[in-house]
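Residue numbers for the first sequence, in the numbering used here: 2 to 598. One structure below.
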Amino acid sequence: MQQLEQDIRAALSAAIQQVFGVTVAADQLVIQPTRKEFAGSFTLVTFSLTKALGKGPEQIGQALGEWLTGHEVRISGFNVVKGFLNLEVADREWLRLFQGLVQQPEGTPVPTGGPQDVVVEYSSPNTNKPLHLGHLRNNFLGYSVAEILKATGATVSKVNLVNDRGIHICKSMLGYQQFGHAETPESDNIKGDHLVGKYYVLFEKHYREQVAQLVAEGVAEDTAKASAPLMLEARDMLQKWEAGDEEVVSLWRQMNGWVYEGHNATYAAIGVDFDKFYYESGTYLLGKERVQEGLDRGLFYRKEDGSTWVDLAAEGLDQKILLRSDGTSVYLTQDLGTAELKYADFHYDSSIYVIADEQNYHMQVLQATLQKLGKPYAAAIHHLSYGMVDLPTGKMKTREGTVVDADELVREVIEAAKVETLKKGKIEGLSEEELAQLFHTLGLGALKYYLLKVDPKKRMLFNPEESVQLQGDTGPFVQYTYARTASLRRKAQQMGIDEKAEFLSLGELQKAEREMIEELARYANVVTEAARTFSPAIVAQYAYDLAKAYNRFYAEVQVLQEPDEAKRAFRVALSVQTGRAIKASMKLLGIAVPERM
RNA sequence: GGUUGUAUAGCUCAAUUGGAUAGAGCAUCUGACUACGAAUCAGAAGGUUUAAGGUUCGACUCCUUAUACGACCA
């Protein structure tokens, strides 16, 4: 398709030269897909040529259309509507294109000229609580973008930067010490991340009570927050941690271990993985060294209180603190260290950070600071900024207990898929294990598709009822369509139909067939665009379009009942190829497709 | 206060980056299973693209101002 469009551009450019004696570069022509209501596949917008050619838009369209049908065999017809020249591509050309797709081995990369060595950092959880709905959008996005970039032929490394240190981690540790009873995930049969999260919440609860108490006694709120006993203890614990206090570090290890186990179980359930883990406890010291380097080279400066700052006013940003007056590090400090480690490990030409848009400013500061330090890898940093997930009731808030837990949500979508699938009753003969697998595939398919179909940049609304729906623009709709093609293929094989027959001499195509080929041929464009914009939403939209087009095709033409042998084989091949394309597209979203459902 | 993002059908989202009569799904209504999977298909209805100006052959898209909601930085 990309090739065909280029050829048409070149032919149009030649036509303009021949007919009007004017040179217009092929890539300057405005070409777009023809709208459904008109005949044709490619449309030249002739408005933009009127000045250069000194003619009216209809006149230009008519002249170019006539020349092209006379000189380019692949163009079989044309029509002109106002400033639009609609070009019809010959059926033989569509069949040739289709033949090419059928013969292409699975997983053939789509070269885009984009980066070749990419690091995608995503997930990046705190080790004081379980994953929630917001993390799910992040994880699905990160995984999917990595898959999309792989499809362009790039080498992609997925990394997870674990936020395993800092005051918030101390809070859950302190909560456990003070309000816990030495329980373990085993003793209470609870996932480790949930156990730790419970004590983080308990800490916050008691801490708020202390603050409220102080405020009631007449203390100013800010002072109360800073001087509540629990906060003082947490700070004390953080200092002990930084000093390597044995008892504190050992508790830290134990509780983080529980969280890792819990998070890993969630990762396994949602089907995401990582090539490498980084831990902030392992990068903040390197970050401090970089701050010192900047200080030595006069790029950063110290204030009277001993804190270290970088001045990014020249870059349109503010002054930003790098080290506190007591010498402890801030987020930015450790991010400097992590960036350096990642580059040392992977020598990337593109480094993607999947982080919510609330950190837009922070990411600008990080990149500008690295640039100030003259780090060669700074320019390759790209912040894949995505919008937060809202609930019908508003924002998710820990305080108000409105946070949607990831593990629970996954259980719910699987259960919903199970209920609906059993209701349909089309799955006899599957074993218990196969059924469990199927419900998982469908439940996660619904959830992933729901979270990925929205433009990542945009804030989105999570509606629990809609997220488990199976009809319309949903993951299971696409999965269902795949299962249809698979079912049809099984029957065709039983009938001995050759799905790899020769189709070039088939003659005229039906509208539904032609549209199906056009959709299939778009795949490379879709991958290119999705990779360029880091947008799984484009792939989701495409998977939906494929499914929609196939179901229309399926309703309009007969496949196995078609009496003409050549046509029958062609339609089977079209179905098989559609199945392949759906499977490949869904794979880019991290979604599996079932053979039956 | 400063910076910044968003605003499209009742609801959730699209719109090939300035092109044709702004498209889908959900919800509502109508039709299609003794044809290959009805988790489907066909159709109806639903819009002053937040408001007001501007730029041009042409604006949901670009510019200005205002309003609403969000985020970040003090």
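All C-beta atoms, glycine included, are put in the ideal place defined by N, C-alpha and C. No experiment lies behind these values; they were computed from the predicted model shown.
Beta-carbon spacing of Ile-415, Val-479 below 8 Å: In the first sequence, counting from the first residue as 1, residue 415 sits at position 414. In the first sequence, counting from the first residue as 1, residue 479 sits at position 478. No. Outside cutoff.
Do the segment 244-256 and the segment 286-306 touch if we need at least three Cβ pairs shorter than 8 Å? Short answer: they don't touch.
Taking all protein chains shown into account, decide if Gln-578 is buried (16 or more other Cβ within 10 angstroms of its Cβ) or exposed. Translated into the one-based positions of the first sequence, residue 578 becomes position 577. Per the 10 Å Cβ criterion, buried.
The alpha helix (DSSP H) that contains Ile-583, what's its start and end? If you number the first sequence from 1, residue 583 lands on position 582. Segment 566-589, the alpha helix (DSSP H) holding Ile-583.
What residue range is occupied by the uninterrupted alpha helix (DSSP H) comprising Asp-546? Taking the first residue of the first sequence as 1, we reach residue 546 at position 545. Per DSSP, the unbroken alpha helix (DSSP H) holding Asp-546 starts and ends at 537-557.
Would Thr-309 and Leu-318 qualify as a contact pair, given that the criterion is a beta-carbon distance under 8 Å? The residue given as residue 309 occupies position 308 in the first sequence. The residue given as residue 318 occupies position 317 in the first sequence. No, the Cβ-Cβ distance between Thr-309 and Leu-318 is not below 8 Å.
Backbone secondary structure at Arg-10 - three-state DSSP: Along the first sequence, one-based indexing puts residue 10 at 9. DSSP places Arg-10 in the helix class (H, G or I) of the three-state scheme.
Please list, in chain order, all residues of the same chain as Phe-204 whose beta carbon is under 7 Å from its beta carbon, the five residues on each side excluded. For the purposes of this step, residue 204 is identified with residue 203 of the first sequence, where counting begins at 1. Hits under 7 Å: Lys-172, Ser-173, Leu-175, Gly-176, Leu-231.
Is the beta carbon of Val-355 less than 8 Å from the beta carbon of Glu-122? By 1-based counting over the first sequence, the position of residue 355 is 354. By 1-based counting over the first sequence, the position of residue 122 is 121. Yes.
Buried versus exposed call for Gln-7 [16 or more other C-beta atoms within 10 Å across all chains shown]: Start at 1 with the first residue of the first sequence, and residue 7 comes out as number 6. Taking a 10 Å sphere around the C-beta of Gln-7, we find fewer than 16 other C-beta atoms and assign the residue as exposed.
With a floor of 3 residues, list each beta strand (DSSP E) that falls wholly inside the segment 120-188, ordered by position along the chain. Runs found: 156-163.
Cβ pair Gly-591, Ser-145 closer than 8 Å: The residue given as residue 591 occupies position 590 in the first sequence. The residue given as residue 145 occupies position 144 in the first sequence. Their beta carbons are under 8 Å apart, which means Gly-591 touches Ser-145 by this criterion.
Please classify Arg-491 as buried or exposed, where buried requires at least 16 neighbouring CB atoms within 10 angstroms. Taking the first residue of the first sequence as position 1, residue 491 is located at position 490. By the neighbour-count rule (16 or more Cβ atoms within 10 Å), Arg-491 is not buried but exposed.
What's the C-alpha gap between Gly-602 and Phe-535? The chain is shown only over 2 to 598; residue 602 falls outside these bounds and no answer can be derived.
Are the CB atoms of Asp-336 and Leu-367 within a distance shorter than 8 Å? Position 366 of the first sequence, counted from the first residue, corresponds to residue 367. Position 335 of the first sequence, counted from the first residue, corresponds to residue 336. It is a contact, given that the beta carbons lie within the stated cut-off.
Give the straight-line distance between the Cα atoms of Arg-236 and Leu-448, rounded to the nearest whole angstrom. Numbered from its first residue, the first sequence carries residue 236 at position 235. Numbered from its first residue, the first sequence carries residue 448 at position 447. Looking at the two C-alpha atoms, the distance is approximately 39 Å.
Tell me which residue opens and which closes the beta strand (DSSP E) that Asn-265 is part of. One-based indexing of the first sequence puts residue 265 at position 264. Unbroken run through Asn-265 is the alpha helix (DSSP H), 247-271; no beta strand (DSSP E).
Which listed residue (Pro-116, Gln-100, Leu-13, Gln-18) has its alpha carbon closest to that of Thr-1: Any property of residue 1 remains undetermined from this structure, which presents the chain solely from 2 to 598.
In DSSP terms, what Asn-87 is bridged to: If you number the first sequence from 1, residue 87 lands on position 86. Per DSSP, the beta bridge partners of Asn-87 are Thr-44, Asn-80.
Would you call the segment 193-203 and the segment 256-271 in contact, with 3 or more CB pairs under 8 Å? Counting C-beta pairs closer than 8 Å gives three or more between the segment 193-203 and the segment 256-271, which meets the contact rule.
Can you say whether Asn-361 is buried or exposed, counting buried as having 16 or more other CB atoms within 10 angstroms of its CB? On the first sequence, residue 361 is found 360 positions in, with the first residue counted as 1. So Asn-361 counts as exposed.
Between which residues of its own chain and Leu-98 is the CB-CB distance below 6 Å, once the five residues before and five after are set aside? Counting from one through the first sequence, the residue named residue 98 turns up at place 97. The beta carbon of Leu-98 sits closer than 6 Å to the beta carbons of Ala-522 from its chain, once the five residues preceding and following it are set aside; these are given in chain order.
Closer than 7 Å by C-beta to Val-81: which residues in its own chain qualify, once you throw out the five before and the five after it? Chain order, please. Reading the first sequence from its first residue, position 80 is the one you call residue 81. Contacts found: Glu-59, Gly-62, Gln-63, Gly-66.
Could you give the uninterrupted runs of the alpha helix (DSSP H) lying entirely in the segment 289-372, keeping only those of 4 residues or more? Listed in chain order, they are 332-347.
Hey, would you say Leu-323 sits closer than 8 Å to Thr-334, going by beta carbons? Locating residue 323 in the first sequence gives position 322, counting from the first residue. Locating residue 334 in the first sequence gives position 333, counting from the first residue. The Cβ atoms of Leu-323 and Thr-334 sit closer than 8 Å to each other.
Can you tell me whether Asp-118 is helix, strand or coil according to DSSP? As a first step, residue 118 must be located in the first sequence, where it is residue number 117. The three-state reading of DSSP puts Asp-118 in strand, counting E and B together.
Other residues of its chain near Gln-35: CB distance less than 7 Å, five sequence neighbours each side excluded: If you number the first sequence from 1, residue 35 lands on position 34. Sequence inspection shows Thr at residue 35; the Gln mentioned does not correspond to that position. Sequence-distant Cβ neighbours of Thr-35 in its own chain, meaning closer than 7 Å and more than five residues away, are Gly-41, Ser-42, Phe-43, Thr-44, Asn-87.
Residue burial classification, Phe-39 (beta-carbon count within 10 angstroms, cutoff 16): As a position in the first sequence, residue 39 is number 38, starting the count at 1. Burial call: exposed.
Would you check if there are 3 or more beta carbon pairs closer than 8 Å linking the segment 419-430 to the segment 394-406? Judged by Cβ distances under 8 Å, the segment 419-430 makes no contact with the segment 394-406, as fewer than three pairs qualify.
Alpha carbon to alpha carbon, what distance is there between Thr-529 and Gln-19? As a working mapping, residue 19 is identified with position 18 in the first sequence. As a working mapping, residue 529 is identified with position 528 in the first sequence. A direct Cα-to-Cα measurement between Gln-19 and Thr-529 gives close to 33 Å.
Inter-residue spacing [alpha-carbon to alpha-carbon] between Ala-221 and Ser-330: Numbered from 1 along the first sequence, position 220 holds the residue referred to as residue 221. Numbered from 1 along the first sequence, position 329 holds the residue referred to as residue 330. In a straight line, the C-alpha of Ala-221 is about 27 Å away from that of Ser-330.
Mapping DSSP to helix, strand and coil, what is Gln-472? Locating residue 472 in the first sequence gives position 471, counting from the first residue. Here Gln-472 carries a coil assignment [DSSP, helix/strand/coil].
With 16 other CB atoms within 10 Å as the buried threshold, where does Glu-281 fall? Locating residue 281 in the first sequence gives position 280, counting from the first residue. Buried: at least 16 other Cβ atoms inside 10 Å.
Using beta-carbon positions only, say whether Val-160 and Val-120 come within less than 8 Å of one another. Counting from one through the first sequence, the residue named residue 160 turns up at place 159. Counting from one through the first sequence, the residue named residue 120 turns up at place 119. For the pair Val-160 and Val-120, the CB atoms are nearer than the 8 Å cut-off.
For Ala-418 and Ala-556, I'd like the C-alpha separation in whole angstroms. As a working mapping, residue 418 is identified with position 417 in the first sequence. As a working mapping, residue 556 is identified with position 555 in the first sequence. Between Ala-418 and Ala-556, the C-alpha separation is close to 26 Å.
Taking the straight line between their C-alpha atoms, what separation do you get for Gly-101 and Ala-407? The residue given as residue 101 occupies position 100 in the first sequence. The residue given as residue 407 occupies position 406 in the first sequence. Ala-407 has its alpha-carbon roughly 43 Å from the corresponding atom of Gly-101.
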